[in-house]
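Worksheet: one structure, shown below.
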Amino acid sequence: MTFATTDLCDDHPELLEDGRLAVLPPLFRHFGQHLRFCGKVTTLKVFEDNALVRATLEAPGNGNVLVIDGGASLRRALVGGQLAVLAQNNGWSGIVVDGCVRDSDEINACAIGVRALATHPRKSSKLGAGERNVRICVSGVAVQPGDWLYADADGIVVAQQKLA
């Protein structure tokens, strides 16, 4: 996997201009062993409830990236160490959480890339509320199921097509 988000932006100015390539704001912290990851996007829209996150990560990831619109909540964690292990073992490339994670030491021991706004020790509820594979908005950027996400040390970009 060789790409740089800076090069993707430089090489595709027309996609940036017409919105087919977007850059997430630099709000996300890095967790996990993989600083660089990419893959086809699977989306979830949840709020302080991670039952659907678990159900999704229990399925084969096939190198995809799970992007979770958690409403930017800083009151509970949506992903913890157990879910990071599930993602790693089931072949997910990475997870982007518009919200919080917990068990950061456990996540950092996993061979996966994770981005989140912050850490929070409180676990989420487990009601199963939420939606899968719907258009979501992460920090003002629209993300669709089937988009491609690229993350590295310089940032996170979302493209409507595979670029690298």
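First residue of the sequence shown? That's 0 in numbering that gives the first Met the number 0, and the numbers climb one at a time after it. Every residue, glycine too, gets a C-beta built ideally from N, C-alpha and C.
Beta-carbon proximity list for leucine 14, same chain, < 6 Å, skipping 5 on both sides: Reading the sequence shown from its first residue, position 15 is the one you call residue 14. Excluding residues within five positions, the ones whose Cβ falls inside 6 Å are Leu20.
Euclidean distance between Cα positions of valine 22 and valine 156: Translated into positions along the sequence shown, residue 22 becomes position 23. Translated into positions along the sequence shown, residue 156 becomes position 157. Their backbone Cα atoms lie some 4 Å apart in a straight line.
Touching by the beta-carbon criterion (3+ pairs, under 8 Å), the segment 81 to 92 and the segment 127 to 142: no
Identity of the residues DSSP links to aspartate 68 by a beta bridge: Residue numbering aside, residue 68 sits at position 69 when the sequence shown is read from its first letter. Answer is Lys44 and Asp97, bridged to aspartate 68.
Three-state secondary structure assigned by DSSP to alanine 152: Here the question's residue 152 lines up with position 153 in the sequence shown. Here alanine 152 sits in coil by DSSP.
Bounding residues of the beta strand (DSSP E) (the contiguous stretch that carries threonine 118): Reading the sequence shown from its first residue, position 119 is the one you call residue 118. From DSSP, the beta strand (DSSP E) with threonine 118 extends over 112 to 118.
Burial state of arginine 74, where buried means 16 or more other Cβ atoms lie within 10 Å: Indexing the sequence shown from 1 puts residue 74 at position 75. Arginine 74 comes out exposed.
Boundaries (first-last residue) of the beta strand (DSSP E) holding valine 52: The sequence position of residue 52 within the sequence shown is 53, counting from 1. That residue, valine 52, is in no beta strand (DSSP E); its alpha helix (DSSP H) goes 50 to 56.
One or two residues paired with lysine 39 in a DSSP bridge: The sequence position of residue 39 within the sequence shown is 40, counting from 1. Beta-bridge pairing links lysine 39 to Trp147.
Spatial distance of threonine 42 from glycine 93 (CA atoms): Counting from one through the sequence shown, the residue named residue 42 turns up at place 43. Counting from one through the sequence shown, the residue named residue 93 turns up at place 94. Cα to Cα, threonine 42 sits roughly 12 Å from glycine 93.
Arginine 35 and glycine 112 closer than 8 Å at C-beta: As a working note, residue 35 is residue 36 in the sequence shown. As a working note, residue 112 is residue 113 in the sequence shown. Yes, the pair counts as a contact, with Cβ atoms nearer than the cut-off.
Straight-line gap, leucine 56 to tryptophan 91 (C-alpha atoms, nearest Å): Locating residue 56 in the sequence shown gives position 57, where the first residue counts as 1. Locating residue 91 in the sequence shown gives position 92, where the first residue counts as 1. The alpha-carbon atoms of leucine 56 and tryptophan 91 are separated by roughly 8 Å.
Between the CA atoms of arginine 53 and leucine 82 - distance to the nearest angstrom: Translated into positions along the sequence shown, residue 82 becomes position 83. Translated into positions along the sequence shown, residue 53 becomes position 54. Roughly 6 Å between the two C-alpha positions.
Beta-carbon gap between asparagine 49 and serine 123 smaller than 8 Å: Residue mapping note: residue 49 aligns to position 50 of the sequence shown, counting from 1. Residue mapping note: residue 123 aligns to position 124 of the sequence shown, counting from 1. Yes. Within cutoff.
Distance, aspartate 151 Cα to threonine 1 Cα: Reading the sequence shown from its first residue, position 2 is the one you call residue 1. Reading the sequence shown from its first residue, position 152 is the one you call residue 151. Spanning the two alpha carbons is a distance of roughly 10 Å.
Whole-angstrom distance between alanine 76 and lysine 39, CA atom to CA atom: Your numbering for residue 39 matches position 40 in the sequence shown. Your numbering for residue 76 matches position 77 in the sequence shown. Spanning the two alpha carbons is a distance of roughly 24 Å.
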